[in-house]
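Notes follow once the structure below has been shown.
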Amino acid sequence: MLRKAIAWRAILDAGQAANQADIARREGVTRARVTQVMGLLRLVPEIHEHIFSMPKTIQRPALTELALRPVARLTGRDEQIAAFRTLIGETEG
Numbered sequence: 044m045l046r047k048a049i050a051w052r053a054i055l056d057a058g059q060a061a062n063q064a065d066i067a068r069r070e071g072v073t074r075a076r077v078t079q080v081m082g083l084l085r086l087v088p089e090i091h092e093h094i095f096s097m098p099k100t101i102q103r104p105a106l107t108e109l110a111l112r113p114v115a116r117l118t119g120r121d122e123q124i125a126a127f128r129t130l131i132g133e134t135e136g
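Per the working numbering, the very first residue in the sequence shown carries number 44; after that it's consecutive.
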């Protein structure tokens, strides 16, 4: 989903879509869903890097967009990283 959010942001930045509602129509999803996915862009770069480095799974994703939403809503870098570490079960070391 993070890759999709990045792709949608690129479409908006390039002027290929007028707004998130336009993307929603093209993708066949609700405007609210586009907003939810685009919210992942608020995650700090370190979290993006960790997500992109995770192995791809055939079945269910290891980290879901739903699980990441509360982390993305946090405004501080350190807060996000601490919440993300808790989410993935990683301890500071």
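Note that the Cβ used here is the ideal one computed from N, Cα and C, for glycine as well.
Predicted, not measured: the structure shown is a model, and the values here were computed from it.
Tell me, to the nearest whole angstrom, how far the beta carbon of residue i is from that of residue j; I am working on the premise that it is less than 8 Å.
| i | j | result |
| --- | --- | --- |
| residue 63 | residue 74 | 6 Å |
| residue 89 | residue 124 | 6 Å |
| residue 114 | residue 86 | 7 Å |
How far does the alpha helix (DSSP H) with residue i in it reach, from first residue to last?
| i | result |
| --- | --- |
| residue 120 | 120 to 131 |
| residue 78 | 74 to 81 |
| residue 68 | 63 to 70 |
| residue 111 | 108 to 116 |
| residue 88 | 88 to 96 |
| residue 47 | 45 to 56 |
Taking the Cβ atom as the reference point for each residue, do residue i and residue j lie within a distance shorter than 8 Å?
| i | j | result |
| --- | --- | --- |
| residue 126 | residue 117 | yes |
| residue 67 | residue 77 | yes |
| residue 81 | residue 52 | yes |
| residue 44 | residue 108 | yes |
| residue 59 | residue 112 | no |
Please work out which residues of its chain come closer than 6 Å, Cβ to Cβ, to residue i, disregarding the five sequence neighbours upstream and downstream, and give them in chain order.
| i | result |
| --- | --- |
| residue 135 | Caution is warranted here: a pLDDT of 49 is assigned to residue 135, below 50, making its placement in the model unreliable, and no coordinate value can be reported. |
| residue 95 | none |
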